[in-house]
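Peer 1: Got a structure here, written out as structure tokens. Questions coming.
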Amino acid sequence: MLAPGAVWLTAFPITAALFFGFRMVLICLPVQLGVVLLFLWGASSGTVRWDLAQGLDTSGQVWLWGLTGPNILLISGLLSVSVGVVIRGLEREALERERLQVQLVQSEKLEAMGTLAGGIAHDFNNLLVPILLQTREVAEGLPAGSESRESLEEVITSATRGRDLVRQILSFSRHVEVERRAVSVDRELEEVASLLRKTIPPTIDLVVEPGALGAHILADPSELHQILMNLGTNSFLAMKESGGTLNLRSHTRTDVAGREEVLVEVEDTGVGIPEVTLARVFDPFFTTRAPGEGTGLGLATVYRVAVSLGGSVELTSAPGKGTRARIILPRYRDAGSPASPVASEAGLTSGASEAEALAEPEPTRPRHLLLLDDDLLVLRAARLLLRRAGYRISDFSSPEAAVSFLSEPDSEVDLLITDYLMPGMTGLDVGRASQRVRPGLPVLLTSGNLEPHLANQMAEAGIVGTLAKPYERETLLREVEKAMDQGKAGSLR
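Numbering (our numbering), first residue to last: 31 to 523.
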């Protein structure tokens, strides 16, 4: 009697341990004890009869327990499996709830960043516009190689990096449309190397090996610049204390499917990355740096940009053995298409298009531009630059005043340049109002944070082009000419 009972008492927890691990024994034992107590209670109350086997000899009792024992073991096994499935399900549900909670927190972070970024991008970019425009004007008026000019070039570099930082934050807060064109990988590699040389200490040896042989990728130049700068900065920080070698290299290859690829590698001899950290380095907001020293967006930006360009990222590292990041991007062969900067600029100046061939000769009067921006610093900087370029400028900081000026019958305006976010009216509102009083007037919309869904509303507002803030002189002049050319082409159709 005792031996089968002992088997029955241990079968439940043993089976649970076999199926779900030994920690399940601690859960099953209380359940087992409850079953035993219930059985004893039934026996004492007469519900379970013990006298069935009293009249049997030893062999008969063994036969009886042999008959009932497997059933008891089967019931114990089923109970153990059932309890284990329930507990495992509860554990998985708890883990899934925790994972969803983490995702929710991260989503809320991104949403909060989007709200914050959208609020500061407009003002911050407005601060950078006069810095970029006027510093460039002053720098080019100084002798080449002078200390003053080099200092101003440093100011321009810092302002450009500030612009890229805002774009980086905006790219995580919401999708930001970019204008992609053929970009020389080796040229960007050299430019980033030039910037890094000014910041890294002499204990770090920077080696540049441009081997892409003139290969291009289809991208916005700032995207590749962000990738290289983020990787280069991380490598520099990994060798900041001990020194070492930072390698920037590029080359091309053909994959197994016959597709041409461009590989960009950033390799250092720094402290390396532990395996447990390596699995999380591309997570947004994850950083191992001290508070205030890192945002956790650097490598996340690298990964996001590389994937958006149709490429991938390979990161290999080990503690004490340095780190190598390889960016694999599809090669862009059609460098002579309109996406190419050379072709685009040529198209603006050659006058070879059919619309330009049919256009009337340029009037002798200076072309009149109406400039609208609620930020007086931006307004003044853009006005000075455009006047130096030979345009006649009428500028306003009030949307209502600009629309009123357009309503005057003797005001001849060739192009309206308007900011998007302004008090009272948006740039789209001003564009619509301009089309009511001056149908066909081309509009150039400027903004530091233009939502992609607004593209559907631009045609009715007469908007023929957009200009991202902060912009530099060459970009502004090119987009102004391009907008007026498109406006003339549209009037001929």
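Even glycine gets a Cβ: it sits at the ideal position worked out from N, Cα and C.
If you count every other CB in all the chains shown that lies within 10 Å of the CB of P453, and 16 or more means buried, which is it?
Peer 2: By the neighbour-count rule (16 or more Cβ atoms within 10 Å), P453 is not buried but exposed.
Peer 1: Please look up how many angstroms separate the CB atoms of A491 and V510, rounded, as I've assumed it's under 8 Å.
Peer 2: Actually they are not in contact, since the Cβ atoms of A491 and V510 sit about 18 Å apart, beyond 8 Å.
Peer 1: Kindly indicate the opening and closing residues of the beta strand (DSSP E) around D449.
Peer 2: Run containing D449: 445-449, per the beta strand (DSSP E) assignment.
Peer 1: For A223, which option in R503, V296, D405, E126 has the closest C-alpha, if you only look at C-alpha atoms?
Peer 2: Looking at the Cα atoms, V296 is the closest of the given residues.
Peer 1: Measuring straight from C-alpha to C-alpha, what distance separates I234 and K351?
Peer 2: Taking the straight line from one Cα to the other gives about 16 Å.
Peer 1: Check for me: the beta strand (DSSP E) holding V213 runs from which residue to which?
Peer 2: Where V213 is concerned, the enclosing beta strand (DSSP E) stretches over 211-214.
Peer 1: For R532, report the span of its alpha helix (DSSP H) as first-last.
Peer 2: Past the boundaries of the shown model lies residue 532; the chain is included only from 31 to 523, so the question cannot be answered.
Peer 1: I'd like the span of the alpha helix (DSSP H) that includes G262, first residue to last.
Peer 2: Residues 251-268.
Peer 1: Could you tell me the distance, in whole angstroms, from the CA atom of P160 to the CA atom of L407?
Peer 2: Answer to the nearest angstrom: the Cα atoms are 6 Å apart.
Peer 1: For the stretch 410-420 and the stretch 428-438, state whether three or more C-beta atom pairs, one from each stretch, are separated by less than 8 Å.
Peer 2: Counting Cβ pairs under 8 Å, fewer than three are found: no touch.
Peer 1: Check whether the stretch 329-338 touches the stretch 178-188, taking contact to mean three or more Cβ pairs, one atom from each stretch, closer than 8 Å.
Peer 2: The stretch 329-338, when compared against the stretch 178-188, does not touch it at the 8 Å Cβ threshold.
Peer 1: Assign V337 to one of three DSSP states: helix, strand, or coil.
Peer 2: Looking at V337 - three-state DSSP - the assignment turns out to be helix.
Peer 1: According to DSSP, simplified to helix, strand and coil, what is G274?
Peer 2: Reduced to three states, the DSSP call for G274 is strand.
Peer 1: Among H255, T476, L399, which one has its Cα closest to the Cα of G192?
Peer 2: Closest by alpha carbon: H255.
Peer 1: Over the uninterrupted beta strand (DSSP E) stretch that includes D459, give me the two end residues.
Peer 2: Element bounds for D459: not the beta strand (DSSP E) but the alpha helix (DSSP H), 457-467.
Peer 1: Taking 7 Å as the cut-off, decide whether the C-beta atoms of A513 and L445 are in contact.
Peer 2: Cβ atoms of A513 and L445: closer than 7 Å.
Peer 1: Across which residues does DSSP place T284 in a beta bridge pair?
Peer 2: Answer by DSSP bridge pairing, in chain order: E290.
Peer 1: Do the CB positions of Q465 and V494 come within less than 7 Å of each other?
Peer 2: The answer is no: Cβ separation not under 7 Å.
Peer 1: State whether the stretch 333-346 contacts the stretch 275-288, with contact taken as three or more CB pairs (one from each stretch) at a distance under 8 Å.
Peer 2: No: the two stretches stay apart, fewer than three of their Cβ pairs being nearer than 8 Å.
Peer 1: Who does V473 pair with in a DSSP beta bridge?
Peer 2: DSSP lists L446, I493 as partners of V473.
Peer 1: Quick one: measure Cβ to Cβ for L162 and E502, integer angstroms, because I've assumed they're closer than 8 Å.
Peer 2: Indeed they touch by this definition, with Cβ atoms about 5 Å apart.
Peer 1: Where do the N-terminal and C-terminal ends of the beta strand (DSSP E) with R422 fall, by residue?
Peer 2: Unbroken beta strand (DSSP E) run through R422: 422-426.
Peer 1: Specify the secondary structure class of L480 as computed by DSSP and reduced to three states.
Peer 2: Coil, per DSSP.
Peer 1: For D285, is the classification buried or exposed, using 16 other Cβ atoms within 10 angstroms of its Cβ as the cut-off for buried?
Peer 2: It counts as exposed.
Peer 1: What residue from T165, E218, H398 has the CA that sits closest to V443's CA?
Peer 2: Nearest of T165, E218, H398 to V443, Cα basis: H398.
Peer 1: Counting pairs of Cβ atoms below 8 Å between the stretch 164-176 and the stretch 115-129, do you hit three or more?
Peer 2: Segments in contact, no.
Peer 1: Indicate the three-state DSSP secondary structure (helix, strand or coil) for S360 in the structure shown.
Peer 2: Here residue 360 turns out to be Pro, not Ser, going by the sequence shown. Strand, per DSSP.
Peer 1: Does DSSP classify E183 as helix, strand or coil?
Peer 2: If DSSP states are grouped into helix, strand and coil, E183 belongs with the helices.
Peer 1: Looking at the strands, I want to know which residues DSSP matches up with S347.
Peer 2: Partner(s): T353.
Peer 1: R533 to M259, Cα distance in whole Å?
Peer 2: There is no way to answer for residue 533, as the model of the chain reaches only from 31 to 523.
Peer 1: Quick check: what's the CA-CA separation for R129 versus D403?
Peer 2: Their backbone Cα atoms lie some 46 Å apart in a straight line.
Peer 1: What did DSSP end up calling R118 once you bin it into helix, strand or coil?
Peer 2: Helix at R118.
Peer 1: Among A268, R283, V337, which one has its Cα closest to the Cα of I303?
Peer 2: The candidate whose alpha carbon is nearest that of I303 is A268.
Peer 1: For L416 and L339, I'd like the C-alpha separation in whole angstroms.
Peer 2: Distance between the alpha carbons of L416 and L339 is about 35 Å.
Peer 1: So, at 7 Å on beta carbons, what are the nonlocal neighbours of P393 in its own chain, with the 5 sequence-adjacent residues on each side left out?
Peer 2: With a pLDDT of only 44 at P393, under 50, the local geometry of the prediction cannot be trusted, and no value is derived from it.
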